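Protein chains in written order, with the working numbering: chain G, 14 to 156; chain W, 599 to 1085. Report on the following structure.
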């Protein structure tokens, strides 16, 4: 999924540069700039999704949720079960193509949302149920 | 208190005026259209005045509220009826504001903060127009401080923690607020002058010609001094209008009480913060204030809109001793304010320097290369070199500021130079932890530790903490949470 998203992004960038540069002469870009951009984008598409996949992981225990995301800048987030406020399940267009889904866990803090991307759909639904039940069983108003 | 109550009838005077102001453009348009069409259709010009007044009256008639069965309910609207209802135990803050017109009529406007993150105006519980006494009564009902206060009426119920002192005005010009106000005023003024074709009449060319006869060395300092005077005057004015009569008091027993803030010269504001919702304080010391030995304090509190951060200002710019005392009182222990901070080590220092000096050096290089090539003035590289020196000084100061500690059950973090902040957050107020590190940071074993919280800025950030220290801090403040994920 990430590979496809990255490819699409890359394709857009490349086509913009190509159109802006030699094709329309709107921007006076020499051919080697275009080649450089294509090279960089190709590298991005080849490396970053794999890197992302390698970094990405999540874990749910009885008392907390943990996620690790990113590639260049890695971010690890931990939220205790007792502070979970909502559990969202979302499927983007590309994700649905692959039967994947994203689960978002939000807390009372705007800085504390945990996103688990690219889960298998059935697994995601299971996780949502599980989290909702567990968050429900903890008393308190989660702030 | 189960029957529906209305706002004060005196609002019948205010609502129509407010609506009229909102409809002013329409009224103007109608008026102009009317005169343009030769003054035949007189009656529909009146429409522009009658409709807003009617709307104002309607708004009064249709707005009702009640407190019943542990919920506060607000009902308003004629065509699309809107009912808002919130359980009383979700009420976190109560804000009582009285703009000048309201004060003239002895009215106030009450805003109930429930910690919702929705931004729409429609979703707020605003009771605009209650008599002062009823507003206070309502606040007491809402925050359940009332029984305790009634019970020990004999004991001094309010202990003032902070009383405004007019000499604090000297700190006003040292904050950036003055600059912001000045920029706003200048912008408005230039726009006004522009609208009325003033620039044509003022003859800026003649001014310029006049100024040319002066020496640059006279003109520039003169302009600077003039600007400084204007900025100071405006910021002092803003400070006085906002903070006149600032009073911070605490009611109720030790922990179960509430903090009351009162301030304002023209528009008076009263904010009440429930004790349980105050998660910590944030002591701000911008460069100017720091040099003059001052500071200010915000409360990290749940339930206030992020936009209304002004309501959480516990101490306006004031001397450091006052700041320290008030912040200590709010935290109930001066520990987090005095505790020695653990520095973030040499790698963090290197990062501060590279990040500050790097761009400045780049600018210097570019300028130095450009001078021989193009016809840039010779003094630009000197200016750029000065920029590098300033950047280095900033980096040194930023390094000095970095630090964190865990004192008396509070996570304490300090950072920044131009805008230095020391945040002290209760460990119970920490919702979760985020650890963020880029590849550069990982290489030298640093991480940015973020404690997320539901109040204030939503997060307390410790920049570039060495990884073991970061984990130690997070683990000691929430023992069971992190350990299970440490491989």
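Glycine included, C-beta positions come from ideal geometry on N, C-alpha and C. From a predicted model like this one, the values you see are computed outputs, not experimental measurements.
DSSP state of residue i mapped onto helix, strand, coil
i: residue 1056(W); result: coil
i: residue 945(W); result: helix
i: residue 840(W); result: helix
i: residue 752(W); result: Because the pLDDT of residue 752(W) is 39, which lies under 50, any placement of that residue in the model is unreliable, and the number read from its coordinates should be weighed accordingly. Looking at residue 752(W) - three-state DSSP - the assignment turns out to be coil, as it is neither helix nor strand.
i: residue 874(W); result: helix
i: residue 702(W); result: helix
i: residue 74(G); result: coil
i: residue 893(W); result: strand
i: residue 766(W); result: helix
i: residue 125(G); result: coil
i: residue 744(W); result: Reliability of the predicted coordinates at residue 744(W) is poor, the pLDDT of 43 falling under 50, and no value is obtained from them.
i: residue 937(W); result: coil
i: residue 835(W); result: helix
i: residue 678(W); result: coil
i: residue 617(W); result: helix
i: residue 707(W); result: strand
i: residue 612(W); result: helix
i: residue 1037(W); result: helix
i: residue 1103(W); result: One cannot answer for residue 1103(W) here, as it falls past the ends of chain W, which runs 599 to 1085.
i: residue 1015(W); result: coil
i: residue 685(W); result: strand
i: residue 99(G); result: strand
Bounding residues of the alpha helix (DSSP H) (the contiguous stretch that carries residue i)
i: residue 92(G); result: Looking at the DSSP string, residue 92(G) is not in any alpha helix (DSSP H); the run it does join, the beta strand (DSSP E), is 87-93.
i: residue 56(G); result: 44-68
i: residue 1065(W); result: 1065-1075
i: residue 863(W); result: No alpha helix (DSSP H) contains residue 863(W), which DSSP labels as neither H nor E.
i: residue 980(W); result: 977-999
i: residue 690(W); result: No alpha helix (DSSP H) holds residue 690(W); DSSP gives it neither H nor E.
i: residue 924(W); result: 918-929
i: residue 106(G); result: 106-110
i: residue 1050(W); result: Unbroken run through residue 1050(W) is the beta strand (DSSP E), 1044-1050; no alpha helix (DSSP H).
Buried or exposed by the 16-neighbour rule on C-beta atoms within 10 Å, applied to residue i
i: residue 680(W); result: exposed
i: residue 930(W); result: exposed
i: residue 75(G); result: exposed
i: residue 872(W); result: buried
i: residue 789(W); result: exposed
i: residue 654(W); result: buried
i: residue 1027(W); result: buried
i: residue 5(G); result: What is shown of chain G runs 14 to 156, which leaves residue 5(G) out entirely.
i: residue 631(W); result: exposed
i: residue 629(W); result: exposed
i: residue 899(W); result: buried
i: residue 620(W); result: exposed
i: residue 45(G); result: exposed
i: residue 880(W); result: buried
i: residue 765(W); result: exposed
i: residue 111(G); result: exposed
i: residue 1021(W); result: buried
i: residue 1075(W); result: buried
Residue i at chain C interface by Cβ criterion, 8 Å
i: residue 892(W); result: In summary, chain C is missing from the structure at hand, where the protein chains are G and W.
Residue i, enclosing beta strand (DSSP E) - first and last residue
i: residue 662(W); result: 662-666
i: residue 84(G); result: Note, residue 84(G): premise wrong, no beta strand (DSSP E); not H, not E.
i: residue 847(W); result: 845-849
i: residue 120(G); result: 113-120
i: residue 728(W); result: 723-729
ask   = Is the segment 989-1008 of chain W in contact with the segment 935-951 of chain W, if contact means three or more CB pairs nearer than 8 Å?
value = yes
Discussion item. Whether or not the segment 1042-1055 of chain W and the segment 923-935 of chain W are in contact is what I'm after, with contact meaning three or more pairs of Cβ atoms, one per stretch, closer than 8 Å; do they touch?
Written reply: no
**Q.** Near-chain G residues of the segment 1041-1066 of chain W (beta-carbon distance less than 7 Å), N- to C-terminal order
**A.** 1048, 1050, 1051, 1052, 1056, 1057
Between the segment 93-104 of chain G and the segment 55-68 of chain G, do at least 3 Cβ pairs fall closer than 8 Å?
no
Review point. Using a beta-carbon distance cut-off of less than 7 Å, what residues from the segment 77-109 of chain G approach chain W?
Key: 77, 79, 85, 86, 87, 88, 89, 90, 91, 92, 93, 96
Margin query: Taking contact to mean 3 or more Cβ pairs, one atom from each stretch, closer than 8 Å, check whether the segment 679-695 of chain W and the segment 858-867 of chain W are in contact.
Written below: yes
Can at least three beta-carbon pairs, one atom from the segment 841-848 of chain W and one from the segment 984-998 of chain W, be found at a separation below 8 Å?
no
Does the structure place the segment 110-124 of chain G close enough to the segment 1039-1047 of chain W that three or more beta carbon pairs sit under 8 Å?
no
Could you run through the segment 114-132 of chain G and flag, in chain order, every residue whose CB is less than 7 Å away from some CB of chain W?
120, 121, 122, 123, 124, 125
#### Entry: At least 3 beta-carbon pairs within less than 8 Å: the segment 967-978 of chain W vs the segment 887-902 of chain W
no
message: So, does the segment 134-144 of chain G touch the segment 661-677 of chain W, judging by three or more C-beta pairs under 8 Å?
response: no
Compile a chain-ordered list of the residues in the segment 1018-1029 of chain W whose CB is closer than 8 Å to at least one CB of chain G. 1029
(Q) For the pair the segment 84-103 of chain G and the segment 606-616 of chain W, tell me if three or more CB-CB distances fall below 8 Å. (A) no
| said: Any C-beta of chain G within less than 8 Å: which residues of the segment 652-685 of chain W qualify? | reply: none
- Positions along the segment 946-974 of chain W whose CB lies within less than 9 Å of some CB in chain G: none
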